[in-house]
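Enquirer: Numbers 110 to 595, taken from our numbering, label the letters of the sequence shown in order. Here a beta-carbon is modelled for each residue, glycine too, at the ideal position from N, C-alpha and C. Small disclaimer: the values here were computed from a predicted structure and weren't measured.
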Amino acid sequence: MNSEIRQLEPKQLWNKFADLNAVPRGSKKEERVIAFMKNFGENLGLETMVDEVGNVIIKKPATKGMESKTTAVLQSHLDMVHQKNNDTDFDFDTQGIDMVVDGDWVKAKGTTLGADNGLGVATIMAILESTDIAHPALEALFTIDEETGMTGAMGLKGGLLSGGILLNLDTEEDDEIGVGCAGGVDITATRTYNQEETPEFKIGFSISVKGLQGGHSGMQIHEGLGNANKLMNRLLFDGFEKFGLRISEIDGGSLRNAIPRESNALVVIDAIHEATFLSEMKVQANILKTELKTMEPDLAIMVSKCEAPKMIMDLGVQEGLTRALYAAHNGVYRMSADIPDLVETSNNIARVLVKEGTIHIGCLTRSSVESSKIDLANTLRATFELTGCEVELSGDYPGWAPNMDSPILKVMSSLYEKMNGEKPHVAACHAGLECGILGQNYPNMDMISFGPTIKGAHSPDERAQISSVQKYWKFVLEILKNIPED
Numbered sequence: 110m111n112s113e114i115r116q117l118e119p120k121q122l123w124n125k126f127a128d129l130n131a132v133p134r135g136s137k138k139e140e141r142v143i144a145f146m147k148n149f150g151e152n153l154g155l156e157t158m159v160d161e162v163g164n165v166i167i168k169k170p171a172t173k174g175m176e177s178k179t180t181a182v183l184q185s186h187l188d189m190v191h192q193k194n195n196d197t198d199f200d201f202d203t204q205g206i207d208m209v210v211d212g213d214w215v216k217a218k219g220t221t222l223g224a225d226n227g228l229g230v231a232t233i234m235a236i237l238e239s240t241d242i243a244h245p246a247l248e249a250l251f252t253i254d255e256e257t258g259m260t261g262a263m264g265l266k267g268g269l270l271s272g273g274i275l276l277n278l279d280t281e282e283d284d285e286i287g288v289g290c291a292g293g294v295d296i297t298a299t300r301t302y303n304q305e306e307t308p309e310f311k312i313g314f315s316i317s318v319k320g321l322q323g324g325h326s327g328m329q330i331h332e333g334l335g336n337a338n339k340l341m342n343r344l345l346f347d348g349f350e351k352f353g354l355r356i357s358e359i360d361g362g363s364l365r366n367a368i369p370r371e372s373n374a375l376v377v378i379d380a381i382h383e384a385t386f387l388s389e390m391k392v393q394a395n396i397l398k399t400e401l402k403t404m405e406p407d408l409a410i411m412v413s414k415c416e417a418p419k420m421i422m423d424l425g426v427q428e429g430l431t432r433a434l435y436a437a438h439n440g441v442y443r444m445s446a447d448i449p450d451l452v453e454t455s456n457n458i459a460r461v462l463v464k465e466g467t468i469h470i471g472c473l474t475r476s477s478v479e480s481s482k483i484d485l486a487n488t489l490r491a492t493f494e495l496t497g498c499e500v501e502l503s504g505d506y507p508g509w510a511p512n513m514d515s516p517i518l519k520v521m522s523s524l525y526e527k528m529n530g531e532k533p534h535v536a537a538c539h540a541g542l543e544c545g546i547l548g549q550n551y552p553n554m555d556m557i558s559f560g561p562t563i564k565g566a567h568s569p570d571e572r573a574q575i576s577s578v579q580k581y582w583k584f585v586l587e588i589l590k591n592i593p594e595d
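Structure follows, in structure tokens:
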């Protein structure tokens, strides 16, 4: 129950998180949360504005004795990823997130939790509302649409903020201080194809791949998690090679920044092959389960006889599609040569939709090196163009180059070690943070990213660690006390 969440410490933060999670706030559907945040600032009597793209800015004067400190920008994004389990009955457009406490973790019932980046938003709200937290002059920046294009950060004009330090509260390990991130580009391949009537001697089967963990396509891309679209393609490719399987429909994955957890296909084969086809599919399913038994113990592959569909794909297009999906790179493309254990470049084959004469394939390519990002994007573009697809590169956003001489980095590193008895992990991450984009219009702003521990972001397994939030909250309060002089 959400009432249980409100009793957690620090109460001021968890209560704001519960308030926020009562408001539907999917990416590109932020109207209600924008109005919610605008009303929040105005009700506090603080200077509040909504810019032309929908970002909300709330300004709060310094507390007594902190007036000479550098103005700090506290930044988080309002939108959240909407993902749910197939057996969960939930409407993200009308319902608030249903949260539960499970030991040291807060989770949601069958859906994403919205801790990414709702805990950051709630942190800022708690500080803005407080009357006893020492802080310099603050500019709270709540951006929109971070998860599906970063259009809020891209649309933020220069001159709206005067702060010299930006604290981005969107990192997901409490011992990490982020100093850099990857840029990204969306790759969309589309084409039309002719459909053929299904011959009378064909029988229909539905194939489902499910039970995968899914997760963040940047932060978790190196973990070896299963990609439902790639696994489904292996099954379809094998079925065609051995039994002449023909495809009617494919529907796999959803959001570009989420590793796809499920895929479904509708196919036909010659009736004479029914028994051997089912046997072969069982063999292939066991092979995939064996390959992924460590990372994906709940992988389930189901093949069920069904009514044969009336239409199937043109054979030549089907062959090109399955070969292109086999050839298209998914996962880590290159590790960083400069930062140990950092993924430099990767791709997520996030969405495959084949239906009624139309093919749609969506990918998200990430890299901390611009040239490597374009190299992989062109590799994918060439792969899909060879099958007759039109390929569009869109939503391109820059990475954030590390500044190891950052003054706020030195302050935070010293504070963290003093408070925790160990040095923080100072690192760049393989995810899209808004700092790189914001830095284009605010090049002199000293930026840093940190946050509480969140696991399973972008999946229904998303969870936030309660003890970590407590640790993080204390760190935030100390940082605000120790912001350097202007």
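Can you tell me whether DSSP reads K527 as helix, strand or coil?
Expert: Numbered from its first residue, the sequence shown carries residue 527 at position 418. Of the three classes helix, strand and coil, the one that applies to K527 here is helix, per DSSP.
Enquirer: What do you reckon, is the C-beta of K138 under 8 Å from a heavy atom of the ligand SAH?
Expert: This structure simply doesn't include the ligand SAH, nor any ligand for that matter.
Enquirer: Using only alpha-carbon positions, find the residue among K482, L502, F314 and F559 that is nearest to Q184.
Expert: Position 75 of the sequence shown, counted from the first residue, corresponds to residue 184. The candidate whose alpha carbon is nearest that of Q184 is F559.
Enquirer: Identify which residue in N342, L276 and R300 has its Cα closest to the Cα of V230.
Expert: The residue labelled residue 230 in the question sits at position 121 within the sequence shown. Minimum Cα distance to V230 is reached at L276.
Enquirer: Can you tell me whether I546 is helix, strand or coil according to DSSP?
Expert: Locating residue 546 in the sequence shown gives position 437, counting from the first residue. Three-state DSSP puts I546 in a helix.
Enquirer: Applying the 10 Å Cβ sphere with the 16-neighbour rule, what's the burial state of V392?
Expert: In the sequence shown, the residue the question calls residue 392 occupies position 283. The residue in question, V392, is exposed, as its Cβ has fewer than 16 Cβ neighbours within 10 Å.
Enquirer: In three-state terms, what does DSSP make of K590?
Expert: Position 481 of the sequence shown holds residue 590. In the structure shown, K590 sits in a helix (DSSP, three-state: H, G or I).
Enquirer: Let me check understanding here. Comparing Cα to Cα, which of G530, M556, E499 and Q329 lies closest to N512?
Expert: Position 403 of the sequence shown, counted from the start, is the residue given in the question as residue 512. When each option's Cα is compared against that of N512, the closest is M556.
Enquirer: Can you give the Cα-Cα distance for T257 and K519, rounded to whole angstroms?
Expert: To locate residue 257, count along the sequence shown from 1; it is residue 148. To locate residue 519, count along the sequence shown from 1; it is residue 410. Looking at the two C-alpha atoms, the distance is approximately 32 Å.
Enquirer: Can you tell me where the beta strand (DSSP E) holding N336 begins and where it ends?
Expert: Translated into positions along the sequence shown, residue 336 becomes position 227. No beta strand (DSSP E) contains N336, which DSSP labels as neither H nor E.
Enquirer: Tell me whether C290 is buried or exposed, calling it buried when 16 or more other Cβ atoms sit within 10 Å of its Cβ.
Expert: Counting from 1 along the sequence shown, the entry for residue 290 is found at position 181. Burial call: buried.
Enquirer: Looking at E405 and K398, is the spacing between their C-beta atoms short of 9 Å?
Expert: If you number the sequence shown from 1, residue 398 lands on position 289. If you number the sequence shown from 1, residue 405 lands on position 296. For K398 and E405, yes; Cβs fall inside 9 Å.
Enquirer: Would you mind working out which of C415, M146 and C472 sits nearest S455, comparing C-alpha positions?
Expert: In the sequence shown, counting from the first residue as 1, residue 455 sits at position 346. Of the listed residues, the one whose Cα sits closest to S455 is C472.
Enquirer: Taking only three categories from DSSP, how would you classify L250?
Expert: Here the question's residue 250 lines up with position 141 in the sequence shown. Strand.
Enquirer: Please state whether DSSP places M328 in a helix, a strand or coil.
Expert: Indexing the sequence shown from 1 puts residue 328 at position 219. The answer is coil: DSSP assigns M328 none of H, G, I, E or B.
Enquirer: To the nearest angstrom, how far is the alpha carbon of E526 from that of H325?
Expert: The sequence position of residue 526 within the sequence shown is 417, counting from 1. The sequence position of residue 325 within the sequence shown is 216, counting from 1. When rounded, the distance between both Cα atoms is 29 Å.
Enquirer: Use the C-beta contact count for F314: other C-beta atoms within 10 angstroms, 16 or more gives buried, fewer gives exposed.
Expert: As a working mapping, residue 314 is identified with position 205 in the sequence shown. Buried is the call here.
Enquirer: Measure the C-alpha to C-alpha separation of N529 and I458 and round it to an integer number of angstroms.
Expert: Walking along the sequence shown from the start, residue 529 turns up at place 420. Walking along the sequence shown from the start, residue 458 turns up at place 349. Straight-line Cα distance between these residues: approximately 40 Å.
Enquirer: Note down the Cα distance separating L364 from I356, rounded to an integer number of angstroms.
Expert: The residue you call residue 364 lines up with position 255 of the sequence shown. The residue you call residue 356 lines up with position 247 of the sequence shown. So the alpha carbons of these two residues sit roughly 23 Å apart.
Enquirer: Taking the alpha helix (DSSP H) that L275 falls in, what are its first and last residues?
Expert: Within the sequence shown, numbered from 1, the residue matching residue 275 stands at position 166. Note, L275: premise wrong, no alpha helix (DSSP H); beta strand (DSSP E) at I274 to N277.
Enquirer: Using beta-carbon positions only, say whether Y506 and G293 come within less than 9 Å of one another.
Expert: Residue mapping note: residue 506 aligns to position 397 of the sequence shown, counting from 1. Residue mapping note: residue 293 aligns to position 184 of the sequence shown, counting from 1. The answer is yes: Cβ separation under 9 Å.
Enquirer: Between which residues of its own chain and Q579 is the CB-CB distance below 7 Å, once the five residues before and five after are set aside?
Expert: What you label residue 579 is simply residue 470 of the sequence shown in a count that begins at 1. Around Q579: E118 and P119.
Enquirer: Which runs of the beta strand (DSSP E) at least 3 residues long sit entirely within the region 201-226? Give them in chain order.
Expert: If we require 3 residues or more, the beta strand (DSSP E) runs fully inside the region 201-226 come out as 208-211 and 214-217.
Enquirer: Can you confirm whether the region 487-502 touches the region 268-283 when touching is taken to mean that 3 or more C-beta pairs between the two stretches lie within less than 8 Å?
Expert: With a cut-off of 8 Å, the region 487-502 and the region 268-283 do not count as touching, because too few Cβ pairs lie within range.
Enquirer: Determine the DSSP secondary structure at M554, reduced to helix, strand or coil.
Expert: Numbered from its first residue, the sequence shown carries residue 554 at position 445. Here M554 sits in coil by DSSP.
Enquirer: How long is the line joining the alpha carbons of P170 and I242, rounded to whole angstroms?
Expert: Working through the sequence shown from its first residue, we reach residue 170 at position 61. Working through the sequence shown from its first residue, we reach residue 242 at position 133. Distance between the alpha carbons of P170 and I242: 12 Å.
Enquirer: Does the Cβ-Cβ distance between G287 and C538 come in under 9 Å?
Expert: Along the sequence shown, read from residue 1 onward, the residue named residue 287 stands at position 178. Along the sequence shown, read from residue 1 onward, the residue named residue 538 stands at position 429. Closer than 9 Å, so yes.
Enquirer: DSSP state of N457, grouped into three classes?
Expert: Taking the sequence shown and counting its residues from 1, one reaches residue 457 at position 348. DSSP places N457 in strand when its eight states are reduced to three.
Enquirer: Taking the alpha-carbon of N550 as reference, which of Q192, G320, M328 and L265 has the nearest alpha-carbon?
Expert: Your numbering for residue 550 matches position 441 in the sequence shown. Ranking Q192, G320, M328 and L265 by Cα distance to N550 puts L265 first.
Enquirer: Give the DSSP bridge partners of T474, in chain order.
Expert: Here residue 474 refers to the residue found at position 365 when the sequence shown is read from its first residue. According to DSSP, which records beta bridges pairwise, T474 is partnered with V294 and N456.
Enquirer: DSSP has M444 in a bridge; who is on the other side?
Expert: Along the sequence shown, read from residue 1 onward, the residue named residue 444 stands at position 335. Per DSSP, V452.
Enquirer: When the distance is taken between beta carbons, is E499 closer than 9 Å to A298?
Expert: On the sequence shown, position 189 is the one that residue 298 refers to. On the sequence shown, position 390 is the one that residue 499 refers to. A contact, by the Cβ cut-off of 9 Å.
Enquirer: Since F493 is in the alpha helix (DSSP H), which residue starts that stretch and which ends it?
Expert: Position 384 of the sequence shown, counted from the start, is the residue given in the question as residue 493. Unbroken alpha helix (DSSP H) run through F493: E479 to E494.
Enquirer: Which whole runs of the alpha helix (DSSP H) in the region 345-421 are 4 residues long or more, in chain order?
Expert: 383-400, all fully within the region 345-421.
Enquirer: Label Y435 either buried or exposed according to how many other C-beta atoms from any shown protein chain fall within 10 Å of its C-beta, with 16 as the threshold for buried.
Expert: Here residue 435 is taken as the residue at index 326 of the sequence shown, counted from 1. It is exposed - the Cβ of Y435 has fewer than 16 other Cβ atoms within 10 Å.
Enquirer: Where does H534 land, buried or exposed, given buried means 16+ other C-beta within 10 angstroms?
Expert: As a position in the sequence shown, residue 534 is number 425, starting the count at 1. Under this definition H534 is an exposed residue.
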